[in-house]
Each structure stands twice: as C-alpha cells, then as structure tokens.
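Line order of the protein sequences matches chains A and B.
Residue numbers are given in numbering that gives the first Met the number 0: position 110 of the first sequence equals residue 109, and the series is strictly consecutive.
Residue numbers are given in numbering that gives the first Met the number 0: position 131 of the second sequence equals residue 130, and the series is strictly consecutive.
Down below is the structure, laid out as structure tokens.
There are 2 protein chains.
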Amino acid sequence: MTSTADERRAEPRWLNQEELAAWLANSAIMISLPAALDARMQRESQLTFFEYMVLSVLSEQEDRTMQMSALAVRTSASLSRLSHVVGRLETRGLLTRSRIPGAGRRTNTTLTEAGHDVVVAAAPGHVAAVREYLIDSLEPRDLKALQRIGTAVEAAINGAAVPQATTEQ
Amino acid sequence: MTSTADERRAEPRWLNQEELAAWLANSAIMISLPAALDARMQRESQLTFFEYMVLSVLSEQEDRTMQMSALAVRTSASLSRLSHVVGRLETRGLLTRSRIPGAGRRTNTTLTEAGHDVVVAAAPGHVAAVREYLIDSLEPRDLKALQRIGTAVEAAINGAAVPQATTEQ
DNA sequence: GTGCAGAACTTGATGCGTCAACAACGCGCC
DNA sequence: GGCGCGTTGTTGACGCATCAAGTTCTGCAC
C-alpha cells in the first residue's frame, strides 16, 4: 500500500472532523495523562513513573533479578536510559548490579529489600492513580476499545520502524 | 500525609484482567506514540512535536499572532516552558515577540514569514505521521471510542487536579 | 594465538522541562 | 499620588533523556 513516500507526502489527506476530534482527544492521553501520573508518583513516592516501572518489573521476577537488556525491552527503554536510571536507583540503595561471570558484559540487576519495600509502598497509590485518571472513568466497551487501539498503535509504530524492505524495492 | 486517603489506600482494588490489558495497551499510546511522533518530526522537520504545535497554532490565527498566556493554554504548557521554547524559536527566526503597550507585561508572539514557511513545509509530514501511527489503523467505532476516552481522561485529570478541597465525604 | 567482529553495557555532552525565584507593569486603595 | 498587589512573563539551576562514543567482554577466523 505504501507506494513511494513522495506521492503520499504531496497529498496528505487532511483529517476530517471525526478524525480531528479523535486526534485532539488523544492528546489528553498522550500529554496530560503521563504528566499527571508522573507528578503524582513523584509527589507520593519520590519515584518517576519510569523508575516505578523498573522496580515493579523487577519485583515481579522470581528472584527479583533481571538482566539489563531484558529489563530494557520490558520497559520499552533504551539501554542507555536504563543504565542511567539504574545507576541512580543503585546509589539510592533500591537495587544492585552484578556482572554475570563468563557471559560477556552481561549484567544482572537485583531489587534490594529496601527497593522491594519502596515498590510495595508505592503500588497502591499507583493503582489508585491509574484507576482515577483512566480506568474508572471508562465504560466496558471503551475498555475493550482501548485495548484494540493500543494494540493497533503498537503495530503501526513497530511496523513502520522496520518498514517493508521485503518484496518492494 | 493525607489521613483521609489512607482508607482508600488500604484497599486499592487491583486491576482485573480486562483492566490490566487496557492499561498495558494504553502505555503504547502514552509512551511509544509520542516518542515515535517526536522522533519523526525531529528527523523530517528539525522541530519538536511541541515546537510544531506552537508554530501551528500561531499559523491558524488571523494575524499569526497570539498572546503568550493564550498560547500556553492552547498548547497545554506552562508559561515557563512556553517562554523557553519561544525564546529558542525566536533566535531561529521563526517568530518574534513584542510587548503590548499599556497592558501590563503582556507579550504578543507573531509568526515570521520564515516561521510560516516552516509550518507549511512540516504540516504534511505531521498529518501523515498522525495517520500512519494512529488514525489510519482505527476502525470508525474506535475513532469514536478514542474521543470518549480522551474526553473522560481530561475530565478525570482536571477534576482531580483540584481535589480534596471538595471532599464529598 | 592474534586479531577482528559483535554483543552488552557505560559514559559524557548537550538540550529540553520544571520549579522556584525574580522582574515589570497596571490597578485599586486610602 | 504613592503603595501594595495581582497578573504576566522571564530567568537560572537542576534533573532527566538522548545520542554518539567509548569500554569490556566472547567467539570465531585464519
């Protein structure tokens, strides 16, 4: 379907009323929601939303341990960003790093007791915020719709990130 | 600590499967989508998503002019953030600032010719990106749903932004 | 067994966002 | 008619994200 990008670029089909309304409404989700969640997590738990995600994912693991690169995938972050954040969390004593011997440069990250306590303490507030700002104001059908939309967006982005090099010149 | 919140905090109703799925899917919209849009705008137009918004809003005005505070509301940004960004855009020659005489400290921002050219050049790519990553992969019913969801989120956040004063106890 | 490629991080420079002062101005008060 | 006072913007310090190197390993080629 994607012919030469130039063709499309020349005539971009503007948004009709329906589409424009959806796009504007979407910016509430894209912009206001993360800001609100971040501010609240910061206020209540001295954690960034992203920091919470990192600790939370670790706490779900059997041994509260995960390799950096796996953690990066799980939190959809770059290894670089993760490294910075993990470094900070380490100095705060919430987790530790350790090289896996005989495995290249692989590094494991493990939640400490203190880190675990922090996640446990922060979790209820996190859930409450997610409910308050998003889930609880949605009817069941919109809950379903949100799943579809999110899935579609993910596919569109990842599909476009590695575009169809196959078959088409 | 907020004492009244403790009651709620004690039993936070975790997310059921349906809700969890919606929340996970939502993170694609909240995290991946803005990142993708931003990266693409930057690549194609040397503009941040937010910078594009500023220029775009200005270009919609009759005289391509708007007061700082109005522009801030329109772009849901703090006056501080806007001031920084406008400062940068001004040094790039895309807009100009001018004090409104006899009106306190009010300042008008006006798009320059160069600025207008930049928006016009960037717009098609912007629309294409919005379509590609979001709009075009949604069925009509989900377009509708997205409107409802966005509206609900906005209400939830702004309603909660001025919360505990109006305790419904 | 040396050297080269690639994987898995780490680090440093740079830029943007936020938050807390600060500055400039009109207005109403007395 | 000078004095707070609220409005409107600006500025600087600081924290976090990103991008481009750099580092440290393993493994394979020859």
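Cβ coordinates follow ideal geometry from the N, Cα and C atoms, glycine included.
From a predicted model like this one, the values you see are computed outputs, not experimental measurements.
Residue i burial status per 10 Å Cβ neighbour count (16 or more: buried)
i	result
residue 153 of chain B	buried
residue 149 of chain B	buried
residue 39 of chain B	buried
residue 2 of chain A	Bear in mind that a pLDDT of 46 at residue 2 of chain A, under 50, signals an unreliable position, so the number given afterwards is only what the model happens to contain. Answer is exposed; the Cβ neighbour count stays below 16.
residue 90 of chain A	exposed
residue 146 of chain A	buried
residue 22 of chain B	buried
residue 6 of chain B	Only weak support is given to the placement of residue 6 of chain B: the predicted model assigns it a pLDDT of 45, under 50, and the value that follows is read from those uncertain coordinates. So residue 6 of chain B counts as exposed.
residue 92 of chain B	exposed
residue 61 of chain B	exposed
residue 128 of chain B	buried
Separation of residue j from residue i, as counted between CA atoms
i	j	result
residue 71 of chain A	residue 65 of chain A	10 Å
residue 83 of chain B	residue 50 of chain B	11 Å
residue 137 of chain B	residue 96 of chain A	42 Å
residue 24 of chain A	residue 155 of chain A	19 Å
residue 28 of chain B	residue 36 of chain B	11 Å
residue 131 of chain A	residue 157 of chain B	11 Å
residue 76 of chain B	residue 26 of chain A	13 Å
residue 151 of chain B	residue 144 of chain A	14 Å
residue 139 of chain B	residue 86 of chain B	41 Å
residue 33 of chain A	residue 69 of chain B	23 Å
residue 44 of chain A	residue 126 of chain A	13 Å
residue 114 of chain B	residue 123 of chain A	47 Å
residue 30 of chain A	residue 31 of chain B	12 Å
residue 63 of chain A	residue 79 of chain B	41 Å
8 Å Cβ cutoff, residue i in contact with chain A
i	result
residue 24 of chain B	yes
residue 141 of chain B	yes
residue 129 of chain B	yes
residue 169 of chain B	Because chain B spans 0 through 168 in this model, residue 169 of chain B falls outside it and cannot be assessed.
residue 29 of chain B	yes
Residue-chain proximity (residue i, chain B), Cβ-Cβ < 8 Å
i	result
residue 146 of chain A	yes
residue 47 of chain A	no
residue 32 of chain A	yes
residue 119 of chain A	no
residue 136 of chain A	yes
residue 44 of chain A	no
residue 78 of chain A	no
residue 102 of chain A	no
Cβ shell of residue i (< 6 Å), same chain only, five flanking positions each side left out
i	result
residue 59 of chain B	none
residue 88 of chain A	94
residue 106 of chain B	67, 96, 98
Own chain residues within Cβ distance below 7 Å of residue i, not counting five before or after
i	result
residue 41 of chain A	47
residue 14 of chain B	22
Contacting residues, own chain, Cβ-Cβ under 8 Å from residue i (five flanking each side not counted)
i	result
residue 142 of chain B	134
residue 74 of chain B	49, 52, 53, 56, 81
- Message: For the structure I just gave you, are there three or more beta carbon pairs, one from the segment 93-110 of chain B and one from the segment 107-121 of chain A, closer than 8 Å?
- Response: No, they do not touch.
- Should the segment 10-22 of chain A be called in touch with the segment 103-111 of chain A, which here means at least 3 C-beta pairs below 8 Å? Touching, no, given that fewer than three Cβ pairs across the two stretches are closer than 8 Å.
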